[in-house]
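Here is the structure we will look at.
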Amino acid sequence: MRLCLFQPEIAGNVGAVMRLGACMGVAIDLIEPMGFSWDDKRVRRTAMDYIDHVDVTRHSSFGAFRAANRGRLILFSTKGQASPYEFAFLPDDILLFGKESGGVPSEVAATADAVLRIPIRAEVRSFNLATSTALALGEALRQTGGLPSVGAG
1 MRLCLFQPEI
11 AGNVGAVMRL
21 GACMGVAIDL
31 IEPMGFSWDD
41 KRVRRTAMDY
51 IDHVDVTRHS
61 SFGAFRAANR
71 GRLILFSTKG
81 QASPYEFAFL
91 PDDILLFGKE
101 SGGVPSEVAA
111 TADAVLRIPI
121 RAEVRSFNLA
131 TSTALALGEA
141 LRQTGGLPSV
151 GAG
């Protein structure tokens with residue numbers, strides 16, 4: 001399983017997702033351009049020393065990402081109609097999340113094998129990117145038996 005962030009805009013979110021990947025043993029893909037420079041101190045501050053325990057790959061474009069990764073693409077979007085809690089994940093799924101200000105373009109969304117929406121109250125728009133990735137990854141790993149053991153820490 002992999003987590004992929006499409007053109008993320010907030011360095012702190014990327015750092016938090018990198019830490020999540022390190023804790024769960026999941027690789028992270030970042031599709032550029034990003035809304036900050038890669039050497040932004042906020043990435044390292046949020047990821048802390050966990051940055052040394054996660055496999056991160058940067059891709060120059062969505063096309064370059066897809067050329068390197070052929071797994072089933074599961075897009076998480078506020079436009080999704082299906083819940084991740086009613087979806088059957090596979091161990092080699094790629095969980096894709098769009099940029100904070102606007103998700104992914106329609107041509108990227110059209111390539112997804114599934115579009116899911118994490119259930120939330122109608123009065124609010126969306127979760128923070130890092131929170132969304134944690135909720136989605138937790139459910140996907142639970143379903144596929146990929147969660148680390150409780151005694152692992």
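Mapping of the sequence shown onto this note's numbering: position 18 corresponds to residue 18, and the numbering continues sequentially without gaps. Backbone N, C-alpha and C define an ideal beta-carbon position, used for all residues, glycine too.
Nearest candidate by alpha-carbon position, reference residue i, set the options
i           : options           : result
residue 114 : 126, 76 and 137   : 76
residue 116 : 130, 89 and 123   : 89
residue 65  : 5, 14 and 138     : 5
residue 13  : 81, 63, 86 and 97 : 97
Sheet register partners of residue i (DSSP bridge)
i          : result
residue 79 : Note: residue 79 sits in no beta bridge, so no partner.
residue 3  : 28 and 95
residue 73 : 94
residue 17 : According to DSSP, which records beta bridges pairwise, residue 17 is partnered with nothing at all.
residue 58 : 30
C-alpha gap between residue i and residue j, whole angstroms
i           : j           : result
residue 37  : residue 18  : 16 Å
residue 78  : residue 126 : 7 Å
residue 33  : residue 2   : 19 Å
residue 71  : residue 121 : 31 Å
residue 31  : residue 57  : 9 Å
residue 69  : residue 147 : 22 Å
residue 145 : residue 29  : 22 Å
residue 61  : residue 67  : 10 Å
residue 20  : residue 134 : 7 Å
residue 151 : residue 91  : 22 Å
residue 112 : residue 39  : 30 Å
residue 99  : residue 130 : 11 Å
residue 15  : residue 107 : 27 Å
residue 105 : residue 7   : 11 Å
residue 103 : residue 11  : 16 Å
residue 35  : residue 149 : 35 Å
Cβ shell of residue i (< 6 Å), same chain only, five flanking positions each side left out
i           : result
residue 143 : 89
residue 124 : none
Spatial neighbours of residue i in its chain, beta-carbon cut-off 7 Å, leaving aside the 5 residues before and after
i           : result
residue 101 : 9
residue 22  : 50, 53 and 54
residue 93  : 1, 71, 72, 74 and 140
residue 26  : 1, 2, 3 and 137
residue 110 : none
residue 87  : 114 and 116
residue 80  : 115, 116 and 117
residue 154 : With the chain represented from 1 up to 153, any question about residue 154 goes unanswered, as that position is not in the structure.
Cβ-based neighbour list, residue i, same chain, cut-off 8 Å, excluding 5 preceding and 5 following
i           : result
residue 118 : 76, 83, 84, 127, 132, 135 and 136
residue 59  : 29, 30, 31, 32, 65 and 68
Contact with chain D by residue i, beta-carbon distance below 8 Å
i          : result
residue 71 : This model lacks chain D altogether; it includes just one protein chain.
*Start-end ranges of the alpha helix (DSSP H) lying completely within the region 88-138, minimum 4 residues*: 106-109, all fully within the region 88-138.
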